[in-house]
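The structure appears below as structure tokens.
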Amino acid sequence: MHSLSPRGLAIVDELAERHDFSRDAIAHMVLAVADGDGQMAMFSHPEFGGPGQWMQRGMLMLSDPLNHALNARVDALCHEIGEKVGGMAGEIAAYQSAWPAAEETPAWWPAELGAPNATGEQNGLRYAYFAQARRLVVQTEDTLRVYDTLDHRIHGFAQQQGSRSRSRSRLTVTSQHGDVDLASLPVISTGKQPLS
Numbered sequence: 264m265h266s267l268s269p270r271g272l273a274i275v276d277e278l279a280e281r282h283d284f285s286r287d288a289i290a291h292m293v294l295a296v297a298d299g300d301g302q303m304a305m306f307s308h309p310e311f312g313g314p315g316q317w318m319q320r321g322m323l324m325l326s327d328p329l330n331h332a333l334n335a336r337v338d339a340l341c342h343e344i345g346e347k348v349g350g351m352a353g354e355i356a357a358y359q360s361a362w363p364a365a366e367e368t369p370a371w372w373p374a375e376l377g378a379p380n381a382t383g384e385q386n387g388l389r390y391a392y393f394a395q396a397r398r399l400v401v402q403t404e405d406t407l408r409v410y411d412t413l414d415h416r417i418h419g420f421a422q423q424q425g426s427r428s429r430s431r432s433r434l435t436v437t438s439q440h441g442d443v444d445l446a447s448l449p450v451i452s453t454g455k456q457p458l459s
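Residue numbers (my numbering): 264 to 459.
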């Protein structure tokens, strides 16, 4: 683990009094949120259910999206850390960034949607979520579908693998209304585009 500065250690001590996570888990999250300048975090720790992502604008993805209690606890921790460390990454940790610099990759979604609030990719399926436009773009193999998210404020994604007889995977989103099967959302457009 990268070392925390005295300021970072003080934040860990303060948060450990209020959040039911170990000091190690909190230190891991402080570093991750500091890396994201208080706005986002990419993390992987057993107490958070493994790998996950958080964005201050309301997106949280955990490996166990149906564990609503854990989702709420991690989200509360991330928000509090974000308020404390925003713009202070250099004061929080004495380390090189834990995440390599992101490479510039061309947008694979329709350009008119702008920058997504969240993206993800797993097992040949990728998605990009656009909260303000209320759109979710999903690409499987060479098919690109744009969904209307209606009044759902999406804050989690889960992919479920199909059975042997059904090799396709299924994407479920989590919103303020609970878990929503992607198939229940209206499709705005469908097109062909090779995976890049």
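Quick reminder that beta carbons are idealized off the backbone N, C-alpha and C, glycines included.
Treat the numbers as computed from the prediction; the structure is a model and nothing was measured.
Between which two residues does the beta strand (DSSP E) holding residue i run?
i    : result
R408 : 406-411
I451 : 450-455
A391 : 388-393
H308 : 303-308
A378 : Element bounds for A378: n/a, residue is neither H nor E.
R398 : 398-403
G313 : 313-318
G441 : 441-444
Thinking C-alpha only, which one of the options is nearest residue i?
i    : options                : result
P269 : A290, I451, Q402       : A290
N330 : D442, L388, V450, T453 : D442
R397 : T403, L407, V450, D298 : V450
V409 : P379, A304, E277       : P379
V293 : E375, T453, V275       : V275
V296 : D411, H440, A446, C341 : C341
Which residues in the same chain as residue i place their Cβ atom closer than 6 Å to its Cβ, once the five residues preceding and following it in sequence are excluded?
i    : result
W372 : A391, V400
I417 : Y392, V436, S438
A288 : H308, E310
R389 : Q402
A279 : R286, I289
D283 : none
M303 : M318
How would you write the range of the alpha helix (DSSP H) that residue i sits in, first residue to last?
i    : result
H342 : 331-348
H291 : 286-298
G271 : 269-279
Exposed or buried, what is residue i when buried is set at 16 or more other beta-carbons lying within 10 Å of its beta-carbon?
i    : result
L413 : exposed
N386 : exposed
H415 : buried
A339 : exposed
Q395 : exposed
D298 : buried
G454 : exposed
G377 : exposed
Can you name, in chain order, every residue of its own chain whose Cβ lies under 7 Å from the Cβ of residue i, other than the five neighbours on each side?
i    : result
L333 : G312, L325, D327
E343 : L278
So residue i and residue j are supposed to be a Cβ contact under 8 Å. How far apart are they, rounded?
i    : j    : result
A381 : M305 : Not confirmed; about 12 Å, so no contact.
G301 : V337 : Not really, about 16 Å apart at Cβ, beyond 8 Å.
F420 : L434 : 7 Å
G345 : Q319 : 5 Å
D405 : L448 : Actually they are not in contact, since the Cβ atoms of D405 and L448 sit about 21 Å apart, beyond 8 Å.
Could you name the residues of the same chain whose beta carbon sits closer than 8 Å to that of residue i, not counting the 5 residues immediately before and after it, in chain order?
i    : result
A335 : none
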